[in-house]
Structure formats: C-alpha cells, structure tokens
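Each residue of the sequence shown is one higher than the last, beginning at 403 in the numbering used here.
We put the CB at the ideal spot given by N, CA and C, even for glycine.
Taking it in order: structure first as structure tokens, then the write-up.
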Amino acid sequence: MRLPEIPWTVPLSVRLQSGTNRIFASVYDALDFLEHEWPIRHGQGYERAIMTCRGALNHSVPSAVAREAFIGACLEAGMATSAVAAHYHARSGPHGNKPLS
Numbered sequence: 403m404r405l406p407e408i409p410w411t412v413p414l415s416v417r418l419q420s421g422t423n424r425i426f427a428s429v430y431d432a433l434d435f436l437e438h439e440w441p442i443r444h445g446q447g448y449e450r451a452i453m454t455c456r457g458a459l460n461h462s463v464p465s466a467v468a469r470e471a472f473i474g475a476c477l478e479a480g481m482a483t484s485a486v487a488a489h490y491h492a493r494s495g496p497h498g499n500k501p502l503s
C-alpha cells in the first residue's frame, strides 16, 4: 500500500553521485529514495533520515524535520542539495522526481 504524499513547502534538488540532479518534493519521495536507491546504507544521517521520514508519514514528526534530516543524509553521502524554485516545481509533475538535464 502506498503511503500518502506529504509535500514539502520547498522541494529539494539533489545532485546525485552520477552528477545528475533529481527533485524531491515530498517525504514519500525522499523515503522511497532512501530505501531503494541510496548509495550508502549506513551512517547517522542516513539512519536519522529514514526514522524521521517514517515518522512524518505517520504524522508523529513534522515534514520540515524530515526534510532537514534528508538534507543531512545527502550531505553525509557527498550529495549537494539546494531549494527548488516554485516555478520549476509546478512543471515537474505530481511526484517532483523527474531528473533534470
């Protein structure tokens, strides 16, 4: 069963280790990436991001806390992050995880 979307106020662009950028617009997008595509499955940042994203999806942790934890995990893994302009998010689709060129 797919968990409900909990969108972030400001989507996040992450530069993956391959050099491409990917947009994350919600807690679910981040958790799905952490659980299925994450390059380094250990570390305090990774563990905290998993825990806080799950907590946010269960409504026990604010989504902003999960976003900050995801940013911390990205930095721990050597992936740069930046906020995404609102006009790009509107074009990126319902899940916001479309790769950028």
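Closest Cα partner of residue i within the set the options
i	options	result
Pro-406	Val-429, Val-412, Pro-413, Ser-415	Val-429
Leu-433	Ala-485, Ala-475, Ser-484	Ala-475
Glu-478	Val-412, Trp-410, Leu-418	Leu-418
Leu-414	Gly-421, Asp-431, His-461	Asp-431
Tyr-448	Ile-425, Ala-468, Ser-420	Ala-468
Nearest-angstrom beta carbon gap, residue j and residue i [assumed within contact, 8 angstroms]
i	j	result
Thr-483	Val-416	5 angstroms
Ile-442	Val-486	Rounded, the Cβ-Cβ distance is 24 angstroms, inconsistent with contact.
Close Cβ partners of residue i (< 8 angstroms) along its chain, the five nearest in sequence each way excluded
i	result
Pro-464	Ala-458
Gly-445	Ala-475, Glu-478, Ala-479
Leu-436	Tyr-448, Ala-451, Ile-452, Cys-455, Phe-472, Ala-475
Ser-420	none
Trp-504	In this structure the chain extends from 403 to 503, so residue 504 is not present and cannot be described.
Own chain, CB closer than 6 angstroms to residue i, minus 5 neighbours either side, in chain order
i	result
Ala-471	Arg-450, Ala-451, Thr-454
His-461	none
Residues that DSSP places opposite residue i in a beta bridge
i	result
Pro-409	Ser-428
Thr-483	Val-416
7 angstroms Cβ shell around residue i - same chain, five flanking residues per side excluded
i	result
Met-369	In the structure as shown, the chain begins at 403 and stops at 503. Residue 369 is therefore absent and cannot be evaluated.
Trp-440	Tyr-448
| Every unbroken alpha helix (DSSP H) inside the region 439 to 472 [4 residues or more] | Counting whole runs of 4 or more residues, the region 439 to 472 contains the alpha helix (DSSP H) stretches 446 to 459.
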